[in-house]
Amino acid sequence: MPHPLVAIVGRPNVGKSALFNRLIGRRMAIVEDRPGITRDRLYAETSWGARAFTLVDTGGFVTDSVESITAQVRVQAERAIHEADVILFVVDAKDGVLPEDREVAQRLREGRRPVILVVNKTDDPSHPGVYEFYELGLGDPFAVSATHGLGINDLLDAVLTLLPEPTPEVEAAEAIRVAIAGRPNVGKSSLINAILGEERVIVDATPGTTRDAIDTPFRLGGREFILVDTAGLRRKARIDERVERYSAGRALGAIDRADVVVLILDAGEPVVEQDQEIARYARERGRAFVAAVSKWDLVSDTPMLHKGALDRVKTALRFAPYAAIVATSATKRWGIPELLDRVVQAAEAHTRRVATGPLNRVIEAAEEAHNPPADRGGKQGKIYYATQPAVKPPTVVCFVNDPELFPDEYRRYLENRLREAFDFAGTPIRLQFRRRERGKGAA
Numbered sequence: 003m004p005h006p007l008v009a010i011v012g013r014p015n016v017g018k019s020a021l022f023n024r025l026i027g028r029r030m031a032i033v034e035d036r037p038g039i040t041r042d043r044l045y046a047e048t049s050w051g052a053r054a055f056t057l058v059d060t061g062g063f064v065t066d067s068v069e070s071i072t073a074q075v076r077v078q079a080e081r082a083i084h085e086a087d088v089i090l091f092v093v094d095a096k097d098g099v100l101p102e103d104r105e106v107a108q109r110l111r112e113g114r115r116p117v118i119l120v121v122n123k124t125d126d127p128s129h130p131g132v133y134e135f136y137e138l139g140l141g142d143p144f145a146v147s148a149t150h151g152l153g154i155n156d157l158l159d160a161v162l163t164l165l166p167e168p169t170p171e172v173e174a175a176e177a178i179r180v181a182i183a184g185r186p187n188v189g190k191s192s193l194i195n196a197i198l199g200e201e202r203v204i205v206d207a208t209p210g211t212t213r214d215a216i217d218t219p220f221r222l223g224g225r226e227f228i229l230v231d232t233a234g235l236r237r238k239a240r241i242d243e244r245v246e247r248y249s250a251g252r253a254l255g256a257i258d259r260a261d262v263v264v265l266i267l268d269a270g271e272p273v274v275e276q277d278q279e280i281a282r283y284a285r286e287r288g289r290a291f292v293a294a295v296s297k298w299d300l301v302s303d304t305p306m307l308h309k310g311a312l313d314r315v316k317t318a319l320r321f322a323p324y325a326a327i328v329a330t331s332a333t334k335r336w337g338i339p340e341l342l343d344r345v346v347q348a349a350e351a352h353t354r355r356v357a358t359g360p361l362n363r364v365i366e367a368a369e370e371a372h373n374p375p376a377d378r379g380g381k382q383g384k385i386y387y388a389t390q391p392a393v394k395p396p397t398v399v400c401f402v403n404d405p406e407l408f409p410d411e412y413r414r415y416l417e418n419r420l421r422e423a424f425d426f427a428g429t430p431i432r433l434q435f436r437r438r439e440r441g442k443g444a445a
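Counting along the sequence shown from 1, when you hit position 78 you're at 80 in the numbering used here, and nothing is skipped either side.
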């Protein structure tokens with residue numbers, strides 16, 4: 003991790019997600035008054051004073067449970083404890099000290115990591131119920147109300163005193179933000195785990211297990227990445243619960259925050275309208291795009307069947323022909339290096355800026371090879387010059403005599419020539435045509 007890590011742990015429904023949202027200053031974890039809502043670890047960068055740190059919200063820490071999800075969440079919490087520089091152990095003032103709190107406190111004492119005991123849901127720091135938590139043996143409790151923001155500043159001051167001293171860092175390339183998107187149960191979480199080499203995202207057979215968009219930073223091959231698992235995008239008609247509606251909105255929000263969108267498609271199922279909607283949304287938002295065909299190990303080992311499966315994906319995503327398509331298997335770990343190579347390639351293309359000279363030479367050559375069609379009156383389009391004012395995605399503005407003289411077919415032709423010349427693989431290109439102002443010449 004580039005910054006010290008502060009983990010929030012505790013049994014379910016003590017307000018960990020509310021505290022997480024309060025500390026980072028925005029709503030990132032789903033907050034609902036039901037145990038088990040936060041199933042995975044959520045990471046977010048935040049700061050207080052001059053110090054930056056990474057905050058992680060774990061799933062509920064439940065001991066001696068046989069339920070599949072609950073047992074896995076407990077493992078997630080324990081893993082976060084091993085990673086953390088500082089631990090915020092959250093308890094509920096209204097419930098008092100429960101046996102689960104005592105067991106978690108014992109594990110934390112054995113872990114020998116700095117622990118701050120946070121007594122949540124207290125509107126009055128002098129409330130007598132706060133003092134009973136001294137029995138947990140974790141020092142002075144901090145009384146807070148995550149919902150109302152009481153005691154948060156004092157808590158953050160205490161966190162800063164326990165963070166390790168900052169060390170000088172070599173400036174690194176900006177992290178590539180990758181949104182892992184797809185319908186429920188197509189293997190998004192399994193793919194993330196295969197990439198990370200650990201079970202950081204809970205994998206369960208139930209569709210919709212991953213409810214939050216989980217930011218997971220990691221380094222590979224000298225590059226910094228941030229994976230965002232977007233939670234399954236369901237058809238609107240199937241989103242009945244408030245939690246599911248909020249998750250679907252969060253999924254699209256995660257795509258908005260990403261540089262590259264990796265759409266996971268199940269090799270054993272046809273590409274459906276939901277998959278295409280995700281790809282179209284990524285294109286409309288100007289995000290770089292890679293399609294990962296998952297569960298490839300389940301496809302019969304016949305070259306013709308392999309080609310047929312990939313051809314079906316290409317046909318279904320023909321509106322995004324720039325997208326790379328990679329066959330993967332999280333179980334066998336097939337295709338993972340190639341997938342990451344394609345992600346890096348797409349991210350680099352997404353931020354590629356072309357100098358005005360080379361850009362105009364390619365445009366001029368394309369126009370000489372294939373002139374714009376003339377309108378019914380014989381008037382023909384003319385490109386005077388072009389420039390690239392923006393990246394993410396690359397945006398090229400052509401100054402012309404009349405934008406109406408450049409039909410969609412010709413615009414696609416120019417886009418293809420630009421892709422060939424400047425290797426814009428994996429990213430959409432914004433190609434805009436503007437009428438040249440009178441008296442202006444070439445740049």
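A virtual CB, placed ideally from N, CA and C, is assigned to each residue, including glycine. Only a predicted model underlies this, so the values are computations on that prediction, with no experimental measurement involved.
Look at P219 here: in three-state DSSP terms it is strand. For F435, the three-state secondary structure derived from DSSP is strand. Within its own chain, the residues whose Cβ lies closer than 7 Å to the Cβ of L152, once the five positions on either side in sequence are excluded, are D125, V146, listed in chain order.
The alpha-carbon separation between Y412 and I182 amounts to approximately 33 Å. Residues V8, W50, F55, V88, L90, I118 of the same chain have their beta carbon placed closer than 8 Å to that of V161, with the five preceding and five following residues left out of the count.
Under the criterion of beta carbons closer than 8 Å, R179 and D261 qualify as touching, at roughly 5 Å.
One alpha carbon belongs to R13, the other to L312, and they sit about 45 Å apart.
Of A281, R111, Q434, I26, the smallest CA-CA separation from L407 is found for Q434.
The three-state reading of DSSP puts D59 in strand, counting E and B together. Using a 10 angstroms sphere on the CB of A329, the tally of other CB atoms reaches 16 or more, which defines it as buried. When rounded, the separation of the alpha-carbon atoms in R419 and P323 is 14 Å. The shortest CA-to-CA distance from Y283 to any of E439, G98, V16, P430 is the one to P430. Rounded to whole angstroms, G224 and V346 show a C-alpha spacing of 12 Å. One thing to note: R438 has its Cβ no nearer than 8 Å to the Cβ of V398.
Beyond the five residues adjoining it in sequence on each side, G131 comes within less than 6 Å, by CB distance, of A95 in the same chain, given in chain order. Within the DSSP secondary-structure output, V262 pairs in a beta bridge with V180, A290.
In terms of Cα proximity to L110, the closest of Y133, R421, G141 is G141.
The three-state reading of DSSP puts R53 in strand, counting E and B together. Using a Cβ distance threshold of 8 Å, V292 and A326 count as a contacting pair.
Looking at P6, T333, P405, the one whose alpha-carbon comes closest to that of L300 is T333. For F424, the enclosing alpha helix (DSSP H) begins and ends at 410-424.
Distance between I266 and R185, taken at the CA atoms: about 8 Å. G383 and G270 have their C-alpha atoms roughly 47 Å apart. The C-alpha of A318 lies about 23 Å from the C-alpha of L416. In this structure, DSSP gives N373 a state outside helix and strand, which the three-state scheme calls coil. Within the same chain, Cβ atoms closer than 6 Å to the Cβ of P143 are found at L119, V121, V132, F135, the five residues on either side in sequence being excluded. Scanning the stretch 300-334 from its first residue to its last, the whole alpha helix (DSSP H) runs of 4-plus residues come out as 305-318. In the structure shown, V132 adopts helical secondary structure according to DSSP, grouped into three states. When the Cα atoms are used, D268 and F220 turn out to be separated by approximately 25 Å. In this structure, the straight-line span from the alpha carbon of A351 to that of L342 is close to 14 Å. With distances taken between CA atoms, H84 lies nearest to V11 out of K123, I154, V11, S128. R436 sits close to P405, with the two beta carbons spaced by under 8 Å. Counting only the Cα atoms, L57 lies some 19 Å from G113.
The Cβ atoms of V264 and V295 lie no closer than 8 Å to each other. Under the three-state reduction of DSSP, A196 is assigned to helix. Going by C-alpha positions, A392 is about 16 Å away from N362.
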